[in-house]
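Read the structure below first, then the notes.
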Amino acid sequence: NAGVTQTPKFQVLKTGQSMTLQCAQDMNHEYMSWYRQDPGMGLRLIHYSVGAGITDQGEVPNGYNVSRSTTEDFPLRLLSAAPSQTSVYFCASSYSSQGNTEAFFGQGTRLTVV
Amino acid sequence: SQKIEQNSEALNIQEGKTATLTCNYTNYSPAYLQWYRQDPGRGPVFLLLIRENEKEKRKERLKVTFDTTLKQSLFHITASQPADSATYLCALLQYSGGGADGLTFGKGTHLIIQP
Chain C
2 NAGVTQTPKF QVLKTGQSMT LQCAQDMNHE YMSWYRQDPG MGLRLIHYSV
52 GAGITDQGEV PNGYNVSRST TEDFPLRLLS AAPSQTSVYF CASSYSSQGN
102 TEAFFGQGTR LTVV
Chain D
60 SQKIEQNSEA LNIQEGKTAT LTCNYTNYSP AYLQWYRQDP GRGPVFLLLI
110 RENEKEKRKE RLKVTFDTTL KQSLFHITAS QPADSATYLC ALLQYSGGGA
160 DGLTFGKGTH LIIQP
């Protein structure tokens, strides 16, 4: 059972480049989310999805796009990378969106924008 | 606005003692509160979930309390070991006008257990 798989683990981008962070889960969870984690700021919610075809914005959505075409996959797209997007990104999934089930996290993607 | 505060950025405890971490929240009326552990370079790992009608929850050496009047949760590790050294995060479900928005995390407490 792989759980939540994120790729890549590390990435360096130049300012203005675009890229997609991949996230896949094999637990048939309806709820998936993306967080960024910065020193002193904790985990901040970027976007989330309560099921295939349904996405919504979290606390810090600007500069990011998401889509959810299948239950398993929830990619995060950076449209035009900026140094302020240098961070560690975590994808998470859970059975429920109501906070009453545990969230499973991926290993993270460390992104540096130069 | 909804806010979660964890008592300190770092906590040093001697091995064998009980470590107590605090999570305070404002402008929430959570039905559930969760605690996670995060090791350097890794994603958070779920530890315990407590419901609003539960005063206390235990799992091995871990104990969580939930006081909805004080708007506070305490997380205890008894007989602490150096392997318990990690960052511990509390999390609540965030709500807005449109409904549930996902888990919001505190900034975490970095716990160091000294041998």
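Respectively, the protein sequence lines represent chains C and D.
All residue numbers for the first sequence refer to the numbering used here, where the first residue is 2 and numbers rise by one.
All residue numbers for the second sequence refer to the numbering used here, where the first residue is 60 and numbers rise by one.
C-beta: ideal position from N, C-alpha, C; glycine also.
Helix, strand or coil at A142(D) according to DSSP, with G and I counted as helix
Residue 142(D) sits at position 83 when you count from the first residue of the second sequence. Helix.
Could you tell me the boundaries of the beta strand (DSSP E) in which D27(C) lies?
Residue 27(C) sits at position 26 when you count from the first residue of the first sequence. For D27(C), no beta strand (DSSP E) encloses it, and the DSSP letter there is neither H nor E.
Which full runs of the beta strand (DSSP E) of 3+ residues lie inside the region 63-131 of chain D, going along the chain?
Runs found: 69-73, 78-85, 91-97, 104-110, 115-118 and 121-126.
Does the beta carbon of F106(C) come closer than 8 Å to any beta carbon on chain D?
Counted from its first residue, the first sequence places residue 106(C) at position 105. For F106(C), the nearest beta carbon of chain D is closer than 8 Å to its own beta carbon.
Please state the DSSP three-state secondary structure of Q108(C).
Mapped onto the first sequence, residue 108(C) falls at position 107. Reduced to three states, the DSSP call for Q108(C) is coil.
Residues of chain C with CB closer than 9 Å to the CB of L108(D), please, in chain order.
If you number the second sequence from 1, residue 108(D) lands on position 49. Close partners of L108(D) in chain C (Cβ separation under 9 Å): G100, N101, T102 and E103.
Mind reading off the beta-carbon distance from S94(C) to V5(C)? Whole number of angstroms is fine, and I expect it under 8 Å.
Mapped onto the first sequence, residue 94(C) falls at position 93. Mapped onto the first sequence, residue 5(C) falls at position 4. The Cβ separation is near 6 Å, so the contact holds.
Within the continuous beta strand (DSSP E) that includes Y49(C), where are the two ends?
The count along the first sequence starts at 1 and reaches residue 49(C) at position 48. That run of the beta strand (DSSP E) goes G43 to G52.
T8(C), enclosing beta strand (DSSP E) - first and last residue:
In the first sequence, counting from the first residue as 1, residue 8(C) sits at position 7. Note, T8(C): beta strand (DSSP E), V5 to T8.
If you reduce the DSSP assignment to three classes, tell me which class Q18(C) lands in.
In the first sequence, the residue the question calls residue 18(C) occupies position 17. DSSP places Q18(C) in the coil class of the three-state scheme, outside both helix and strand.
The beta strand (DSSP E) spanning F91(C) covers which residue range?
Within the first sequence, residue 91(C) is the residue found at index 90, counting from 1. From DSSP, the beta strand (DSSP E) with F91(C) extends over S88 to S95.
Please confirm whether S88(C) and Y32(C) have their CB atoms less than 8 Å apart.
For the purposes of this step, residue 88(C) is taken as residue 87 along the first sequence, with counting starting at 1. For the purposes of this step, residue 32(C) is taken as residue 31 along the first sequence, with counting starting at 1. No.
Please state if the CB of Q131(D) and the CB of N86(D) are separated by a distance shorter than 8 Å.
Taking the first residue of the second sequence as 1, we reach residue 86(D) at position 27. Taking the first residue of the second sequence as 1, we reach residue 131(D) at position 72. Using a Cβ distance threshold of 8 Å, N86(D) and Q131(D) do not count as a contacting pair.
Can you find at least 3 beta carbon pairs, one from the region 12-31 of chain C and one from the region 64-84 of chain C, that sit closer than 8 Å?
A contact exists between the region 12-31 of chain C and the region 64-84 of chain C.
To the nearest angstrom, how far is it from the Cα of N66(C) to the Cα of L80(C)?
In the first sequence, the residue the question calls residue 66(C) occupies position 65. In the first sequence, the residue the question calls residue 80(C) occupies position 79. Rounded to the nearest angstrom, the two C-alpha atoms are 7 Å apart.
Going straight from the alpha carbon of G102(D) to that of Y95(D), what length do you get?
Within the second sequence, residue 102(D) is the residue found at index 43, counting from 1. Within the second sequence, residue 95(D) is the residue found at index 36, counting from 1. Rounded to whole angstroms, G102(D) to Y95(D) spans 10 Å at the Cα level.
What in chain D is Cβ-close to S85(C), meaning under 9 Å?
Here residue 85(C) corresponds to residue number 84 of the first sequence, with the count starting at 1. Those do not exist, as S85(C) stays about 19 Å from chain D at its closest Cβ, beyond 9 Å.
With the cut-off set at 8 Å, would you say Q97(D) and A142(D) are in Cβ contact?
Here residue 97(D) refers to the residue found at position 38 of the second sequence. Here residue 142(D) refers to the residue found at position 83 of the second sequence. At a Cβ-Cβ threshold of 8 Å, Q97(D) and A142(D) do not count as neighbours.
Nearest residue (CA-CA) to P174(D), options L148(D), Q73(D), N66(D) and V123(D):
Looking up residue 174(D) in the second sequence gives position 115. Nearest option by C-alpha distance: Q73(D).
Using C-beta distances below 6 Å, list every residue in its chain close to K122(D), excluding the 5 sequence neighbours before and after it, in chain order.
For the purposes of this step, residue 122(D) is taken as the residue at position 63 of the second sequence. Excluding residues within five positions, the ones whose Cβ falls inside 6 Å are H135.
According to DSSP, is S85(C) part of a helix, a strand, or is it coil?
Reading the first sequence from its first residue, position 84 is the one you call residue 85(C). Correct three-state label for S85(C): helix.
Does any residue of chain C bring its CB to less than 8 Å from the CB of T163(D)?
In the second sequence, residue 163(D) corresponds to position 104, counting from 1. T163(D) counts as touching chain C.
At a CB-CB cut-off below 7 Å, which residues of chain C make contact with F134(D)?
Taking the first residue of the second sequence as position 1, residue 134(D) is located at position 75. Result: empty, since nearest Cβ-Cβ is about 15 Å, beyond 7 Å.
Per DSSP, what kind of secondary structure is G161(D) in: helix, strand or coil?
As a working mapping, residue 161(D) is identified with position 102 in the second sequence. Look at G161(D) here: in three-state DSSP terms it is strand.
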